[in-house]
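Just so we're aligned, residue 158 is where the sequence shown starts under the numbering used here, counting upward by one.
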Amino acid sequence: MRPDSPRAALIGDALDGQVLRAAGWRVSGALQLLPYDDPGDVPSYASLDELLEDGLQGVALSGSDPHLAGHLPDLLAAGLAVLLPTPAPLDPELLRVAREAAPEALTAVGLVQRWEPWVGTTGAALPLAGGPLLQCTVRGWPRGQVAAAELVDLTRQWCGDVVGVTAAPARLPAAELAPGVPVAWSLLHESGATTLVSHEDAPPVVRLSFATARWEAGPLGARWVGGAEVPLPSARMPGTVPPGTPAGLLACATWLREAVEAEPGPAPAAGPAPAGLGDLQAVERALSALRESARRELPVEL
């Protein structure tokens, strides 16, 4: 690590300092929620004001605690680049205030599936289909809020913004993808394409249907239906990163550091860009609508 590498702090416990160091940051300290929280191997800041006065360039902010997440507008207004390591839901009003506080601020949200090799290969394959995407079906997708957020983020890239949702027990556009593979929820996109999601029949497989072609992809491989398997690139990570750290999280932290170093020039262009606060707002709107659809047992428009 260079002695002139940008300096960052940890706020909350959502990220290990080793991840930032592996991405080229110097970790200068940590701000915890409670006095007895473990700051790990870095000094503690006594307050947010002390952190803001330390000449930092970035922070990794836990969005899972409302009190800590509430610092987001102040951090952005102070000119700090912010990494949100997980797509934890943030209050919609907080997101609005944060974006208004610093519209041009550098942010990176840990929606990490967009960095997976099969996702990158899928993005490269879409222009080769020769027509618009008509439908997306997903089998074996993991349950849970974070997994749902990841899938909404991916389908927005493939199919466009979400304009309507339906969640069981509401009546869905299709009850099953195949016998024994029930549809749990669906998304209607601005392009007119529909995404149908089942949690059954793992491992995850995404099928994208076009007028004259179909593409299947997931962590185990990718191919055009009726064609040969498409090799997936390998995701490489430094050995200093804690085991279990997603490659995409390291990529987000690295992208943010390179963007800080490039200022006032353009942000890095190589590889995918991380999700920003606008993407997080769109994902949270879709998840909130899915919860409303399940509660009301009706489709919900966004």
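Even for Gly, the Cβ is constructed at its ideal location relative to N, Cα and C.
Proximity to residue i [Cα-Cα], best of the options
i	options	result
Ala446	Pro361, Val387, Leu334 and Val319	Val319
Asp161	Gln270, Gly435, Thr369 and Gly212	Gly212
Ala451	Ala324, Pro260 and Gln438	Ala324
Arg256	Leu455, Gly433 and Arg453	Gly433
Asp206	Thr264, Asp231 and Ser185	Asp231
Pro456	Ala439, Pro326 and Val269	Pro326
Leu459	His356, Val322, Leu353 and Pro399	Val322
Arg251	Ala443, Arg453, Gln438 and Arg448	Sequence inspection shows Leu at residue 251; the Arg mentioned does not correspond to that position. Among Ala443, Arg453, Gln438 and Arg448, the Cα nearest to that of Leu251 belongs to Gln438.
Pro223	Ile168, Thr264, Gly317 and Gly181	Ile168
Ser343	Trp298, Gly277 and Leu406	Trp298
Gly280	Ala265, Arg380, Ala226 and Val176	Arg380
Val176	Gly236, Val398 and Arg313	Val398
Glu307	Gly317, Trp315, Arg328 and Arg271	Arg271
Thr411	Ala180, Ala171, Asp170 and Arg159	Ala180
Leu172	Pro360, Glu449, Ser221 and Ala235	Ser221
Thr312	Ala335, Val276 and Leu285	Val276
Bridge partner(s) assigned by DSSP for residue i
i	result
Thr352	Cys293 and Leu344
Glu386	Arg380
Leu123	This structure leaves residue 123 out entirely; the chain is present only between 158 and 459.
Leu240	Ala217 and Ala265
Pro339	Glu333
Glu458	Gly321
Which of helix, strand or coil DSSP assigns to residue i
i	result
Glu273	coil
Pro284	helix
Arg380	strand
Gly375	strand
Glu333	strand
Arg159	coil
Gly220	coil
Gly174	helix
Ala235	coil
Val199	coil
Gly215	strand
Val398	coil
Glu357	coil
Arg313	helix
Arg393	coil
Arg414	helix
Glu420	coil
Ala430	coil
Ala245	coil
Ala180	coil
Ala305	helix
Ala327	coil
Terminal residues of the alpha helix (DSSP H) in which residue i lies
i	result
Ala439	Leu434 to Arg453
Val266	No alpha helix (DSSP H) contains Val266, which is instead part of the beta strand (DSSP E) from Thr264 to Val266.
Arg300	Where Arg300 is concerned, there is no enclosing alpha helix (DSSP H), given that its DSSP letter is neither H nor E.
Val254	Pro249 to Ala258
Asp206	Leu205 to Leu209
Gly227	Where Gly227 is concerned, there is no enclosing alpha helix (DSSP H), given that its DSSP letter is neither H nor E.
Terminal residues of the beta strand (DSSP E) in which residue i lies
i	result
Arg183	Arg183 to Leu188
Val319	Val319 to Ala324
Arg164	Arg164 to Ile168
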